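See structure below.
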Amino acid sequence: MFAEERVLVIAAHPDDEVLGCGGAIGRYRAHGGAVRVVFLAEGVTARFTPEQFDASEVIEKSSRRNANAVKAMAVLGVEADQMFFSERPCCRLDQVPLLDLTKQIESHIRDFLPTRLFTHSADDPNVDHGVAHRAVLPAVRPLSGQSLRAVFSFEVLSSTEWNPLKPFAPTVFHDITDHMDQKVAAMTAYDDEMHPAPHPRSPEVIRALGRFRGAQAGLPYAEGFALIRGINL
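In the working numbering, the protein residues as written are 100 to 332.
In structure tokens, the structure reads:
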């Protein structure tokens with residue numbers, strides 16, 4: 100089953116893909132499935148003013164983030180040629196025409212022919228995460244000939260849980276018991292983004308969420324997803 104799947108991950112920034120579905124990525128690759136990861140923006144310029152974007156420090160940090168993404172995906176078994184980066188500024192996707200993002204996603208769907216797609220939750224308070232979700236929806240409309248059989252949204256620690264009025268409610272669980280360590284190892288490749296517990300981006304809390312989602316499904320560890328659309332699952 101997994102060997103036949105072609106998984107497309109649409110993430111706003113490098114590190115969202117690991118936090119959101121790193122265990123699932125590792126599991127699909129371990130069983131021979133194909134995985135492609137597309138980033139809609141870079142991941143560091145939100146910490147700087149627009150006037151600083153061309154500064155050498157900012158350029159170096161952005162390049163380092165992308166290099167760390169390649170390392171993280173190598174841990175999960177994803178080849179660098181199946182990773183697609185963007186230089187759009189972080190946390191400013193709401194300033195990009197939504198159609199431009201949707202067309203970019205559509206081009207990857209036509210080229211890669213995914214059977215499953217993972218992206219952000221509509222209720223994530225991070226502006227780029229919400230825009231990514233909205234851009235995906237028209238790209239995955241169920242037209243004749245569409246390769247997709249399932250579209251899922253994921254949660255991102257240090258973001259999704261900060262919307263207490265609309266907590267993430269997964270409806271599908273992937274068993275990542277054999278890939279929990281792999282997910283944590285992939286996330287530690289983003290060393291600039293990791294923090295000591297109890298910060299959400301710490302190995303302990305990443306494992307704790309995996310344990311909690313696993314408990315919801317009767318598994319040692321799991322990732323939870325919300326099913327947006329499924330066809331003949």
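Just so you know, even glycine gets a beta-carbon here, dropped at the ideal spot from N, CA and C.
Being a predicted model, the structure only gives us computed values, none of them experimental.
Work out the CA separation of residue j and residue i for me, nearest whole Å.
i    : j    : result
E292 : C189 : 15 Å
R306 : R126 : 16 Å
Q181 : L118 : 18 Å
I275 : E116 : 15 Å
F272 : P113 : 23 Å
A284 : A171 : 8 Å
L212 : Q203 : 14 Å
For residue i, does the count of other Cβ atoms within 10 angstroms reach 16, so buried, or fall short, so exposed?
i    : result
S220 : buried
S301 : buried
T148 : exposed
Within its chain, find whatever has a CB closer than 7 Å to the CB of residue i; leave out the 5 residues flanking it on each side and keep chain order.
i    : result
T270 : A325, L326
E303 : A296
If we call anything under 9 Å between Cβ atoms a contact, is residue i one with residue j?
i    : j    : result
L216 : I109 : yes
V226 : R191 : yes
L256 : A234 : no
Can you find the residues in the same chain that come closer than 6 Å, C-beta to C-beta, to residue i, ignoring five residues on each side of it along the sequence?
i    : result
F152 : T144
N262 : D222, P224
Given residue i, which residues of its chain have a CB within under 8 Å of its CB, disregarding the five upstream and five downstream residues?
i    : result
S252 : F217, T218, H219, S220, A221, H232, F324, A325, I327
A249 : T214, R215, L216, L326, R328, G329, I330, L332
P295 : S301
V260 : It should be pointed out that residue 260 corresponds to Glu in this sequence rather than to Val. Once the five neighbours on either side are set aside, the close Cβ partners of E260 are E254, P266, F267, P299.
Pick out whichever of the options has its Cα sitting closest to the Cα of residue i.
i    : options                : result
L175 : V106, A111, G121, R310 : G121
L308 : A288, K282, T287       : K282
E103 : R128, A111, G132       : G132
R240 : F183, P263, I208       : I208
A321 : D280, M286, P297       : D280
I158 : Q245, H278, E141, G229 : E141
Q194 : W261, V230, S185       : V230
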